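K.L.:
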DNA sequence: ATATGTGAATCAATTCACAGCT
DNA sequence: AGCTGTGAATTGATTCACATAT
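Protein chains in written order, with the working numbering: chain Z, 129 to 358; chain G, 129 to 358.
1) Find the residues of chain Z that neighbour residue 240 (chain G), judging by a C-beta separation of less than 8 Å, and give them in chain order.
2) Under 8 Å by Cβ, that's how I've got residue 174 (chain G) and residue 304 (chain Z) pegged, so tell me the actual separation to the nearest angstrom.
3) Can you list the residues of chain Z that residue 253 (chain G) reaches, using a CB-CB cut of under 9 Å?
4) If you follow the alpha helix (DSSP H) that residue 299 (chain G) is part of, which residue opens it and which one closes it?
5) Counting C-beta neighbours from all protein chains within 10 Å, is the total for residue 248 (chain G) 16 or more, i.e. buried, or is it exposed?
6) Can you confirm whether residue 322 (chain Z), when its beta carbon is compared against all beta carbons of chain G, has any partner nearer than 8 Å?
7) Please work out which residues of its chain come closer than 8 Å, Cβ to Cβ, to residue 192 (chain G), disregarding the five sequence neighbours upstream and downstream, and give them in chain order.
8) With DSSP as the reference, label residue 227 (chain Z) as helix, strand or coil.
9) Quick one: grab the DSSP three-state call for residue 165 (chain G).
10) From which residue to which residue does the alpha helix (DSSP H) around residue 261 (chain G) run?
11) Can you check DSSP and say which residues form a bridge with residue 305 (chain Z)?
12) Cβ closer than 7 Å: which chain G residues qualify as neighbours of residue 300 (chain Z)?
13) Hey, could you find the ends of the alpha helix (DSSP H) residue 269 (chain G) is sitting in?
14) Please report how far the alpha carbon of residue 347 (chain Z) lies from the alpha carbon of residue 270 (chain Z), in whole angstroms.
15) Please state whether the Cβ-Cβ distance between residue 235 (chain G) and residue 310 (chain Z) is less than 8 Å.
16) Please compile the residues from chain Z whose C-beta is within a distance smaller than 9 Å of the C-beta of residue 280 (chain G).
17) Let me make sure I understand the geometry here. Which of G:226, G:202 and G:286 has the alpha-carbon closest to that of residue 258 (chain G)?
18) Is there a C-beta anywhere in chain G that falls below 8 Å from the one on residue 352 (chain Z)?
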């Protein structure tokens with residue numbers, strides 16, 4: 129397709145696979161590989177080689193026929209597509225077990241993400257620090273979002289309050305919300321909603337695991353399906 | 129389609145939506161609703177009404193024309209499809225922040241899930257209890273899996289050890305693994321692999337959030353996409 | 001009158017297969 | 001000789017629209 133610099137319209141499934149490619153490429157670079165063929169990268173990421181090539185072509189990427197892709201160059205392109213160059217500050221709302229786990233998650237900065245602020249209501253928690261980030265009261269949500277220039281928020285609250293907090297986040301200018309609460313949220317179409325419900329994931333696995341041995345396909349799965357647009 | 133009792137072959141996207149329907153139906157039942165029309169349930173779950181009806185038809189469900197679906201009956205069918213009747217014991221490997229969060233997650237039993245065992249290597253953690261479940265040493269993995277009759281496991285370990293633990297889990301007879309480590313796992317096709325990588329989800333949101341205001345679609349997302357077979 | 005269940009149409013992504021480049 | 005990039009074929013899910021049931 130060869131879009132000049134910014135791609136036009138990358139299919140959602142492709143976007144969902146980009147972080148996987150990113151990880152694999154970082155790995156190859158670390159191991160000193162110069163070039164990589166689509167077939168090899170495809171095997172490492174569990175993706176069909178033709179699919180991988182088409183994915184890359186959506187980014188306007190360029191491989192060398194007969195040789196493959198230059199690892200470093202390709203990584204740069206994937207990074208740029210994912211916006212890893214400019215770090216995204218994240219606001220985490222709800223500092224329970226899950227929110228805490230997120231805040232402490234180590235491998236964020238390597239992925240262009242930074243937990244910039246933590247919010248909660250519990251007076252026991254507000255005022256403490258988690259992973260060096262102070263927990264502020266959720267009353268200050270709008271102020272904190274603007275202060276940090278946060279475009280992305282994570283909702284790790286009880287389901288009951290998730291919708292109203294999502295509304296407030298949207299109002300404060302957040303552009304995307306990752307909802308970890310087990311509830312279906314509704315938002316204006318200008319706000320991108322992703323949901324990860326671990327219990328639901330397990331229920332899905334239970335469907336396949338419990339039941340008779342279907343033709344159990346699927347060795348590898350791309351993440352981001354939940355956040356990627358339909 | 130009307131399969132007698134066991135469905136033949138439910139599309140993966142349908143399976144991924146079942147937990148969402150389940151939650152909505154529990155809610156309707158709690159509120160005393162007798163019947164529900166596909167249009168209403170669809171609105172609540174953010175799914176197209178025709179899609180919802182086709183999903184239900186895959187379960188061999190039966191609504192009443194002119195009236196809708198009986199809430200209690202439909203819930204029973206969804207429960208049965210998801211295997212919520214028989215509780216699934218889960219083994220959680222890796223009791224770090226994320227594993228701990230999972231173990232403490234309240235809403236599991238209502239979903240047919242039970243954290244039956246916790247495993248870790250850290251001598252500081254082994255021997256302690258989390259949410260009433262003792263943390264055992266990962267050396268005992270095979271024994272614990274058999275003792276609990278666990279069919280599903282969660283991998284919440286560092287990425288480096290995830291593959292070898294997945295191999296051991298598969299060897300021990302686990303049928304499905306939810307991988308929370310940021311790494312692509314490979315397994316025999318008899319083992320169902322799902323991956324949830326929160327950082328990757330955020331990267332995907334960053335792709336859309338950072339970038340220009342695409343035709344930002346997607347108000348609601350079904351979970352389980354990662355675990356559902358493609 | 002109203003809402004289901006489903007053929008048929010549509011839309012989108014995956015995959016094949018090969019022409020074209022190095 | 002080898003591997004990319006991509007038209008064309010395929011596969012699969014979503015959605016429309018309506019005949020069918022209550």
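Cβ coordinates follow ideal geometry from the N, Cα and C atoms, glycine included.
Small disclaimer: the values here were computed from a predicted structure and weren't measured.
P.N.:
Let me spell this out:
1) Neighbours of residue 240 (chain G) on chain Z, chain order: 331 and 334.
2) 17 Å between Cβ atoms; not a contact.
3) Neighbours of residue 253 (chain G) on chain Z: none; closest Cβ ~15 Å, over 9 Å.
4) 287-299
5) buried
6) yes
7) Only residues of its own chain outside the window of five on either side were considered, and among them 163 and 198 have a CB closer than 8 Å to the CB of residue 192 (chain G), listed in chain order.
8) Helix at residue 227 (chain Z).
9) coil
10) From DSSP, residue 261 (chain G) is part of no alpha helix (DSSP H) but of the beta strand (DSSP E) over 261-265.
11) Z:281 and Z:321
12) Under the 7 Å cutoff, chain G gives no residues; its nearest Cβ is about 14 Å from residue 300 (chain Z).
13) That run of the alpha helix (DSSP H) goes 269-276.
14) Reliability of the predicted coordinates at residue 347 (chain Z) is poor, the pLDDT of 35 falling under 50, and no value is obtained from them.
15) Yes, the pair counts as a contact, with Cβ atoms nearer than the cut-off.
16) 330, 333, 334, 337 and 338
17) Among G:226, G:202 and G:286, the Cα nearest to that of residue 258 (chain G) belongs to G:226.
18) Summary for residue 352 (chain Z): the model assigns pLDDT 43, below 50, so the residue's position carries little reliability; its value from the coordinates is reported in the next sentence. Using a CB distance cut-off of 8 Å, residue 352 (chain Z) counts as an interface residue toward chain G.
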